[in-house]
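J.:
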Amino acid sequence: MSKLKEMGTPIFWAEGHPGPLEAEGWEVEVGGLVDHPITFTYQEIIELPKTVVDARLTSVSGFSVGGAWGGVHLSEVFDLVAPKAEASHVQFVSYRSVYTTSIPLGVARQERTLLAYAFEGEALESDYGGPVRLFCPYLWGYKSAKSVIAINLIDYSIPGYWETRGYPDSAQIKPRRVLDVNSGEYRRIPGGEVTEFVD
Ligand SMILES: Nc1nc2c(c(=O)[nH]1)N[C@H]1C(S)=C(S)[C@@H](COP(=O)(O)O)O[C@H]1N2
Ligand SMILES: [Mo]
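Count the sequence shown with this note's numbering and you get residues 3 to 201, in order.
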């Protein structure tokens with residue numbers, strides 16, 4: 003059993019669970035406002051320089067899970083596709099194209115934002131957005147689109163699945179009490195990127 007599952011990390015598939023998804027044959031199409039659109043295979047993604055970040059996924063629904071997320075910096079991907087000067091946001095499209103979300107390009111370029119394919123050294127299963135998902139610890143978890151099939155560089159923020167259902171596009175993490183999945187305890191978060199809990 004994977005570490006995420008062992009800890010009882012909630013599994014969110016608002017659009018319906020897609021069932022098992024295979025890494026073999028998986029492709030991520032990166033396009034929009036770029037000079038060189040590229041469709042990456044899973045194999046090509048894992049061959050890009052790997053980064054492991056110790057960070058937390060924190061959901062507005064009230065949980066936070068931390069660990070070693072592994073993947074590739076979005077900036078590595080952007081270096082290859084060359085975003086045009088007018089690109090200001092990045093849209094992520096999940097498998098079946100029902101779940102989408104966008105984040106500012108500046109947040110996508112930050113150090114701990116990854117196109118993630120591993121947690122604690124294990125490949126991500128489809129429950130948790132495998133084979134490849136966005137992992138962005140700076141914003142509420144609804145920005146971390148699972149099982150990504152397309153990444154589009156755009157010049158405005160396109161409201162996605164939860165943004166069109168009333169959740170703020172800014173997705174700024176606010177101070178509040180959440181379940182720390184790692185310890186099983188309810189703890190207070192300080193707001194902003196959750197790196198520690200507060201008393
Ligand atoms: N495709 C897809 N991606 C998604 C979601 C979803 O329902 N479908 N839920 C989002 C929300 S609200 C959160 S908090 C995280 C949860 O990730 P997890 O299901 O791996 O715990 O995924 C985000 N990405
Ligand atoms: Mo969430």
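Just so it is clear, CB atoms sit at the ideal spot from N, CA and C, and this is done for glycine as well.
From a predicted model like this one, the values you see are computed outputs, not experimental measurements.
Rounded to a whole number of angstroms, what is the C-alpha to C-alpha distance between Thr202 and Ile153?
T.: Residue numbering for the chain in the displayed model covers 3 to 201; residue 202 lies beyond these limits and cannot be assessed.
J.: Taking the C-alpha atoms as reference points, what is the distance between Leu141 and Leu35?
T.: For the purposes of this step, residue 141 is identified with residue 139 of the sequence shown, where counting begins at 1. For the purposes of this step, residue 35 is identified with residue 33 of the sequence shown, where counting begins at 1. Using only the alpha carbons, I get a separation of about 23 Å.
J.: Output needed for Asp157: all residues of its chain with C-beta closer than 8 Å, excluding positions within five of it in sequence on either side, in chain order.
T.: Here the question's residue 157 lines up with position 155 in the sequence shown. Excluding five sequence positions before and after Asp157, the CB atoms of its chain that fall closer than 8 Å to its own CB belong to Leu35, Glu88, Ala89, Ser90 and His91, given in chain order.
J.: Have a look at Trp28 and Ser128 and give me their C-alpha separation to the nearest angstrom.
T.: Looking up residue 28 in the sequence shown gives position 26. Looking up residue 128 in the sequence shown gives position 126. Near 12 Å, if we compare the C-alpha coordinates of Ser128 and Trp28.
J.: Touching or not, the segment 98-109 and the segment 156-174, by the rule of three or more beta carbon pairs under 8 Å?
T.: At 8 Å Cβ cutoff, the stretches touch.
J.: Pick out whichever of Glu113, Tyr44, Glu24 and Trp15 has its Cα sitting closest to the Cα of Val54.
T.: One-based indexing of the sequence shown puts residue 54 at position 52. It is Glu113.
J.: Report the rounded CA-to-CA distance for Leu117 versus Lys145, giving the unit in angstroms.
T.: Locating residue 117 in the sequence shown gives position 115, counting from the first residue. Locating residue 145 in the sequence shown gives position 143, counting from the first residue. A direct Cα-to-Cα measurement between Leu117 and Lys145 gives close to 12 Å.
J.: Buried or exposed, going by whether 16 or more other CB atoms sit within 10 Å of the CB of Thr11?
T.: Counting from one through the sequence shown, the residue named residue 11 turns up at place 9. Thr11 should be labelled buried.
J.: Could you pull out every residue in the same chain whose Cβ sits closer than 7 Å to the Cβ of Tyr169, ignoring the five residues on either side in sequence?
T.: Reading the sequence shown from its first residue, position 167 is the one you call residue 169. Hits under 7 Å: Val62 and Tyr144.
J.: Quick one: does the C-beta of Phe94 sit closer than 7 Å to a heavy atom of ligand 2?
T.: By 1-based counting over the sequence shown, the position of residue 94 is 92. Because no heavy atom of ligand 2 lies under 7 Å away, the Cβ of Phe94 does not count as near it: no.
J.: What residues in its chain sit with their C-beta under 6 Å from that of Ile13, if we drop five residues either side in the sequence?
T.: On the sequence shown, residue 13 is found 11 positions in, with the first residue counted as 1. The residues are Asp129.
J.: Using only CA atoms, which one of Pro177, Gly68 and Glu124 lies nearest to Ser185?
T.: Here the question's residue 185 lines up with position 183 in the sequence shown. The residue with the shortest Cα to Cα distance from Ser185 is Gly68.
J.: When you compare the CB of His91 with every CB in chain C, is at least one pair closer than 8 Å?
T.: Here chain C cannot be found, since the structure has a single protein chain.
J.: Straight-line CA distance for Glu198 to Gly64?
T.: Reading the sequence shown from its first residue, position 196 is the one you call residue 198. Reading the sequence shown from its first residue, position 62 is the one you call residue 64. Whole-angstrom Cα-Cα distance: 15 Å.
J.: So which of Pro133, Arg178 and Ser96 has the shortest CA-CA distance to Ala16?
T.: Reading the sequence shown from its first residue, position 14 is the one you call residue 16. Measuring from the Cα of Ala16, the nearest candidate turns out to be Ser96.
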